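K.L.:
2 protein chains.
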Amino acid sequence: MNKKYSIKDIAELSGVSVATVSRVINNNGRFSEETRKKVLKVIKKTGYQTNFSAKNLRMNKSFSVGILVPDISNYFFANVVQKIEKILFNRGYSTFICNTARDENKELAYLKMLESKGVDGLIIISGAKAFDISKLNSPNKIPFVCIDRKPKDRSNTVFIGSDHYQGAFDATNSLFQAGCKFPIIASHNRSSSSAVDRLNGFKDALSKNGLDFDSSRNQIVITTNDSTNAIDLLLKENPQIDGFFAINDSIATNVLSSLLRLGKEIPKDIKIIGFDDEPQDIHSYPTLSSVKQDTDKIAQVTVDNIIGLIDHTAITGESITIPVKLIQRDSSL
Amino acid sequence: MNKKYSIKDIAELSGVSVATVSRVINNNGRFSEETRKKVLKVIKKTGYQTNFSAKNLRMNKSFSVGILVPDISNYFFANVVQKIEKILFNRGYSTFICNTARDENKELAYLKMLESKGVDGLIIISGAKAFDISKLNSPNKIPFVCIDRKPKDRSNTVFIGSDHYQGAFDATNSLFQAGCKFPIIASHNRSSSSAVDRLNGFKDALSKNGLDFDSSRNQIVITTNDSTNAIDLLLKENPQIDGFFAINDSIATNVLSSLLRLGKEIPKDIKIIGFDDEPQDIHSYPTLSSVKQDTDKIAQVTVDNIIGLIDHTAITGESITIPVKLIQRDSSL
DNA sequence: TTGTACGCGTTATCAT
DNA sequence: ATGATAACGCGTACAA
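As given, the protein sequences belong to chains C and B, one line each in that order. The first sequence begins at 1 in the numbering used here and counts up by one. The second sequence begins at 334 in the numbering used here and counts up by one.
(1) Please name the residues in the stretch 272-302 of chain C whose beta-carbon is closer than 9 angstroms to at least one beta-carbon of chain B, in chain order.
(2) Less than 7 angstroms between C-beta atoms, sequence neighbours within five positions excluded: which residues of the same chain meet that for P308 of chain C?
(3) May I ask you to list the residues that DSSP assigns as paired with T321 of chain C?
(4) How about P476 of chain B and G512 of chain B: are their beta carbons less than 9 angstroms apart?
(5) Checking the sheet assignment: what are the DSSP bridge partners for N99 of chain C?
(6) Just to confirm the assignment, what range does the alpha helix (DSSP H) spanning V413 of chain B have?
(7) When burial is assigned at 16 or more other CB atoms within 10 Å of the CB, is K268 of chain C buried or exposed?
(8) Residues in its own chain within less than 7 angstroms of K536 of chain B by CB, not counting five upstream and five downstream?
(9) Taking Cβ to Cβ, would you say I124 of chain C is nearer than 9 angstroms to L68 of chain C?
(10) Over the uninterrupted alpha helix (DSSP H) stretch that includes I222 of chain C, give me the two end residues.
(11) In terms of residues, what are the limits of the alpha helix (DSSP H) holding S525 of chain B?
(12) Under the three-state reduction of DSSP, which class applies to A54 of chain C: helix, strand or coil?
(13) Classify P472 of chain B as helix, strand or coil using the three-state DSSP reduction.
(14) Can you pull the chain B neighbours of N51 of chain C, defined as C-beta to C-beta under 8 angstroms?
(15) Are there 16 or more other CB atoms within 10 angstroms of the CB of E418 of chain B, so buried, or fewer, so exposed?
(16) From L539 of chain B to A585 of chain B, what distance separates their C-alpha atoms?
(17) Give me the chain B residues within the contact set of A54 of chain C, using Cβ-Cβ distance strictly less than 7 angstroms, ordered along the chain.
(18) Anything in chain C within Cβ reach of A411 of chain B, meaning under 7 angstroms, just list it in chain order.
(19) Just to confirm before moving on: does the CB-CB distance between I615 of chain B and L659 of chain B stay below 9 angstroms?
(20) Rounding to the nearest angstrom, what Cα-Cα distance links F409 of chain B and K483 of chain B in this structure?
(21) Would you say S6 of chain C lies against chain B (beta-carbon separation less than 9 angstroms)?
(22) Could you name the residues of chain B that T223 of chain C contacts, counting a contact when the two beta carbons are closer than 7 angstroms?
(23) Give the straight-line distance between the Cα atoms of K106 of chain C and K117 of chain C, rounded to the nearest whole angstrom.
(24) Where does the unbroken alpha helix (DSSP H) through V349 of chain B begin, and where does it stop?
(25) Could you give the uninterrupted runs of the alpha helix (DSSP H) lying entirely in the stretch 285-311 of chain C, keeping only those of 4 residues or more?
(26) Please determine, among B:L589, B:D663, B:L595, B:C431, the residue with the shortest C-alpha to C-alpha distance to S622 of chain B.
(27) Going by C-alpha to C-alpha distance, which of C:N248, C:R154, C:G317 sits closest to I222 of chain C?
(28) Within its chain, find whatever has a CB closer than 7 angstroms to the CB of T228 of chain C; leave out the 5 residues flanking it on each side and keep chain order.
(29) T586 of chain B CB to nearest chain C CB: under 9 angstroms?
(30) Could you tell me which chain B residues have their CB closer than 8 angstroms to the CB of E265 of chain C, listed as they occur along the chain?
(31) Whose C-beta lies closer than 7 angstroms to the C-beta of V398 of chain B among residues of the same chain, with five residues either side of it excluded?
(32) Mind checking whether V357 of chain B and L346 of chain B have CB atoms under 9 angstroms apart?
(33) Of all the CB atoms in chain B, is at least one closer than 9 angstroms to the CB of L260 of chain C?
(34) Any beta carbon from chain B within less than 9 angstroms of N27 of chain C's own beta carbon?
(35) Reducing DSSP to helix, strand and coil, say where A511 of chain B ends up.
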């Protein structure tokens with residue numbers, strides 16, 4: 001087993017000073033090609049690696065960022081976090097991924113820890129409604145970007161989100177185009193800015209097609225794992241219902257299975273479109289239509305902006321909307 | 334905005350030396366109750382937080398661990414990682430979650446980075462078949478535990494895995510008990526120790542019920558998103574097939590939708606059981622039976638062991654098997 | 001082009 | 001019970 005080498009060891013082994021080694025490693029200052037080769041050779045031979053604790057301390061920079069995410073086992077979140085982490089790694093940053101479980105106290109605890117660890121930047125995914133960076137001690141010090149849920153004050157951050165409104169609008173509109181006369185929206189009981197946007201898109205698509213939104217007839221809130229009874233009731237009261245726009249794919253599959261259980265034929269009797277384009281959508285029967293968020297783009301834009309903020313090459317106050325795409329499958333044809 | 338306080342500032346503000354402040358913070362050495370109160374008061378007022386870069390440098394310990402995971406958007410992995418991260422955080426450790434995408438080069442790159450960042454321990458989830466910690470520079474220095482996939486050499490690590498064999502055996506056996514005469518296994522084309530264990534469990538359940546395993550008739554390897562044709566073919570050749578044990582839920586739903594597409598009735602004509610108990614199993618139609626891994630237990634045991642190894646209160650060489658549980662739903666009744 | 005010396009914030013050792 | 005100080009590994013201003 002090898003021992004752990006420090007920059008001092010490298011200096012001694014290559015017969016130069018630590019300053020020179022440092023310069024070679026970081027390509028700073030000037031040095032002869034000869035010493036460069038000599039030093040690099042020793043580094044290679046010894047397998048020397050930078051001690052980041054020392055470097056961080058000296059430079060007051062950690063080459064790491066923190067990501068706050070509500071639930072990493074949610075497909076959309078996992079997907080975008082994964083892509084962000086990959087891009088960050090390729091750009092020399094490592095990532096603390098923190099699962100807040102939608103708990104504001106946890107969020108704060110994580111933020112303090114991340115601040116203490118000296119992260120250079122923060123990525124907040126769908127944070128608490130009242131997300132407030134000012135709870136931290138060095139508020140103006142740590143730059144942060146927000147994804148998915150609009151923060152209260154957008155002036156000191158960059159906001160990146162999908163075009164939830166347009167996605168909902170397109171999905172609902174396509175239900176009409178496929179022949180639906182009375183589509184409704186199936187949602188959960190959490191209120192996030194994305195959920196609000198999706199609801200608005202649904203409403204506007206309704207009115208564009210000559211219908212007024214009535215929450216008692218055009219909306220169902222799914223709160224249980226088996227919503228068969230609730231849906232049965234609603235359908236009995238409103239037999240004209242012939243389409244569902246679900247606020248996410250989990251609710252869409254929930255609705256789908258309930259409808260099948262009630263003997264409905266999909267898409268003949270009732271059509272369904274979900275949101276997020278989860279992998280299993282192609283394995284449901286019938287296959288599930290869904291609105292796909294561009295997680296590649298979201299991740300790329302997020303990393304560009306957080307690193308930009310860290311390097312002072314980007315500015316806050318921006319609000320970036322990423323287009324979405326409706327994926328038509330059997331459930332809405 | 335507050336400035337950033339160092340231990341030196343706290344010392345000055347409370348009229349003691351930095352040494353005393355350090356002692357109070359870490360509850361080391363001895364100090365009067367009076368100074369303790371005084372110092373803590375200043376800390377509270379200033380919002381002082383430890384600078385971990387400095388602490389790490391001094392103590393040669395980072396209070397952080399790295400997790401290598403093949404694919405965080407896989408439900409099982411996301412779930413166990415999430416729980417591990419939570420427990421670690423509660424025990425004062427932060428976590429670098431690294432997505433290796435089943436790429437050995439990436440795995441190595443991550444390991445080097447983590448080593449450089451000075452992580453105190455490593456958690457390897459389902460790592461490369463040839464996972465070899467000796468590629469690192471300080472091999473004997475960083476303790477690690479392995480989850481899910483058995484490492485080549487188990488003597489210098491702790492291995493933690495579900496009882497895949499028993500899960501597969503129970504699932505297959507329950508198919509027989511539900512009336513199946515000729516169940517087959519649906520698998521993917523990756524070979525992992527867990528996949529091998531599950532296959533063996535399936536085989537043994539077969540022979541216990543008087544059948545010999547024949548890979549051309551008792552096994553189908555799913556490689557595409559739509560396996561309808563392949564399944565159709567196999568069913569035509571072997572009309573006696575009346576049950577599927579799928580190696581995971583993704584393949585199970587894939588098979589399920591194909592069978593429905595082929596006009597089969599589930600579970601009347603053919604019964605299905607999957608593996609991992611993913612959330613959407615209860616939203617498929619019919620609901621999907623599955624073998625549930627105890628991710629709570631896995632996470633807890635993992636953290637106990639890695640911290641144990643770090644603190645030298647645990648030893649390597651152990652192999653811990655976590656029981657699984659068959660969840661019966663409509664697809665196999 | 002290269003070397004010396006200092007400081008980053010913390011903990012630990014040795015005094016007092 | 002408390003204080004002074006060395007040491008951790010690194011980057012850099014300044015000197016040579």
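For each residue, glycine too, the CB sits at the ideal point set by N, CA and C. Since the model is a prediction, treat every value here as computed from it, not as a measurement.
P.N.:
Straight from the coordinates:
(1) Within the stretch 272-302 of chain C, the qualifying residues are E278, P279, Q280, I282, H283, S284, Y285, P286, T287.
(2) The residue you call residue 308 of chain C lines up with position 308 of the first sequence. Checking the sequence shown, residue 308 of chain C turns out to be Gly, not Pro. If we look at G308 of chain C and ignore the five residues flanking it on each side, its Cβ neighbours are A314.
(3) Locating residue 321 of chain C in the first sequence gives position 321, where the first residue counts as 1. Residue pairing of T321 of chain C in beta bridges, as defined by DSSP: C:G161.
(4) Numbered from its first residue, the second sequence carries residue 476 of chain B at position 143. Numbered from its first residue, the second sequence carries residue 512 of chain B at position 179. Cβ distance not < 9 angstroms, so P476 of chain B and G512 of chain B don't count as in contact.
(5) Numbered from its first residue, the first sequence carries residue 99 of chain C at position 99. Its beta-bridge partners are C:V69.
(6) Walking along the second sequence from the start, residue 413 of chain B turns up at place 80. Element bounds for V413 of chain B: 408-423.
(7) Residue mapping note: residue 268 of chain C aligns to position 268 of the first sequence, counting from 1. Classification for K268 of chain C: exposed.
(8) As a position in the second sequence, residue 536 of chain B is number 203, starting the count at 1. Within the same chain, F546 come within 7 angstroms of K536 of chain B by CB-CB distance, once the 5 residues on both sides are set aside.
(9) Locating residue 124 of chain C in the first sequence gives position 124, where the first residue counts as 1. Locating residue 68 of chain C in the first sequence gives position 68, where the first residue counts as 1. Cβ atoms of I124 of chain C and L68 of chain C: closer than 9 angstroms.
(10) For the purposes of this step, residue 222 of chain C is taken as residue 222 along the first sequence, with counting starting at 1. Per DSSP, I222 of chain C belongs to no alpha helix (DSSP H) and is neither H nor E.
(11) Mapped onto the second sequence, residue 525 of chain B falls at position 192. Run containing S525 of chain B: none; DSSP gives neither H nor E here.
(12) Counting from 1 along the first sequence, the entry for residue 54 of chain C is found at position 54. Looking at A54 of chain C - three-state DSSP - the assignment turns out to be helix.
(13) As a first step, residue 472 of chain B is located in the second sequence; it is residue number 139 there, counting from the start. Note that P472 of chain B scores a pLDDT of 47, beneath 50, so its modelled location is shaky; the value from the coordinates is reported in the next line. Of the three classes helix, strand and coil, the one that applies to P472 of chain B here is coil, per DSSP.
(14) Taking the first sequence and counting its residues from 1, the one referred to as residue 51 of chain C is at position 51. Neighbours of N51 of chain C in chain B, taken as residues at a C-beta separation under 8 angstroms, are given in chain order as L390, S449, G451.
(15) In the second sequence, counting from the first residue as 1, residue 418 of chain B sits at position 85. So E418 of chain B counts as buried.
(16) Start at 1 with the first residue of the second sequence, and residue 539 of chain B comes out as number 206. Start at 1 with the first residue of the second sequence, and residue 585 of chain B comes out as number 252. Answer to the nearest angstrom: the Cα atoms are 19 angstroms apart.
(17) Residue mapping note: residue 54 of chain C aligns to position 54 of the first sequence, counting from 1. In chain order: L390.
(18) The residue you call residue 411 of chain B lines up with position 78 of the second sequence. Ordered by position in chain C, the residues that pass the 7 angstroms Cβ test against A411 of chain B are I72, S73, A78.
(19) Here residue 615 of chain B refers to the residue found at position 282 of the second sequence. Here residue 659 of chain B refers to the residue found at position 326 of the second sequence. The answer is no: Cβ separation not under 9 angstroms.
(20) Looking up residue 409 of chain B in the second sequence gives position 76. Looking up residue 483 of chain B in the second sequence gives position 150. Roughly 17 angstroms between the two C-alpha positions.
(21) One-based indexing of the first sequence puts residue 6 of chain C at position 6. Chain B, which has no Cβ nearer than 9 angstroms to the Cβ of S6 of chain C, makes this no.
(22) Along the first sequence, read from residue 1 onward, the residue named residue 223 of chain C stands at position 223. Taking the beta carbon of T223 of chain C as reference, no residue of chain B falls within 7 angstroms; the closest one sits roughly 14 angstroms away.
(23) Residue numbering aside, residue 106 of chain C sits at position 106 when the first sequence is read from its first letter. Residue numbering aside, residue 117 of chain C sits at position 117 when the first sequence is read from its first letter. Straight-line Cα distance between these residues: approximately 16 angstroms.
(24) Here residue 349 of chain B is taken as the residue at index 16 of the second sequence, counted from 1. Neither: V349 of chain B is in no alpha helix (DSSP H) and is coded neither H nor E.
(25) Counting whole runs of 4 or more residues, the stretch 285-311 of chain C contains the alpha helix (DSSP H) stretches 295-310.
(26) What you label residue 622 of chain B is simply residue 289 of the second sequence in a count that begins at 1. When each option's Cα is compared against that of S622 of chain B, the closest is B:D663.
(27) Locating residue 222 of chain C in the first sequence gives position 222, counting from the first residue. Checking every option, the nearest Cα to that of I222 of chain C belongs to C:N248.
(28) Your numbering for residue 228 of chain C matches position 228 in the first sequence. Taken in chain order, the residues that qualify are S258, R261, L262.
(29) As a position in the second sequence, residue 586 of chain B is number 253, starting the count at 1. Yes, contact with chain C.
(30) The residue you call residue 265 of chain C lines up with position 265 of the first sequence. Residues of chain B passing the Cβ test: none, with the nearest at roughly 12 angstroms.
(31) As a working mapping, residue 398 of chain B is identified with position 65 in the second sequence. Sequence-distant partners of V398 of chain B (beyond 5 residues in either direction) whose C-beta falls short of 7 angstroms from its own C-beta, in its chain, are L421, Y426, T428, V452, D453, G454, L455, I456, I639.
(32) Stepping through the second sequence from its first residue, residue 357 of chain B is reached at position 24. Stepping through the second sequence from its first residue, residue 346 of chain B is reached at position 13. Remark: C-beta atoms of V357 of chain B and L346 of chain B do not approach each other more closely than 9 angstroms.
(33) As a position in the first sequence, residue 260 of chain C is number 260, starting the count at 1. Yes, contact with chain B.
(34) Mapped onto the first sequence, residue 27 of chain C falls at position 27. No, N27 of chain C lies away from the interface with chain B (no Cβ there is under 9 angstroms from its Cβ).
(35) Stepping through the second sequence from its first residue, residue 511 of chain B is reached at position 178. In the three-state scheme derived from DSSP, where H, G and I count as helix and E and B as strand, A511 of chain B is classed as coil.
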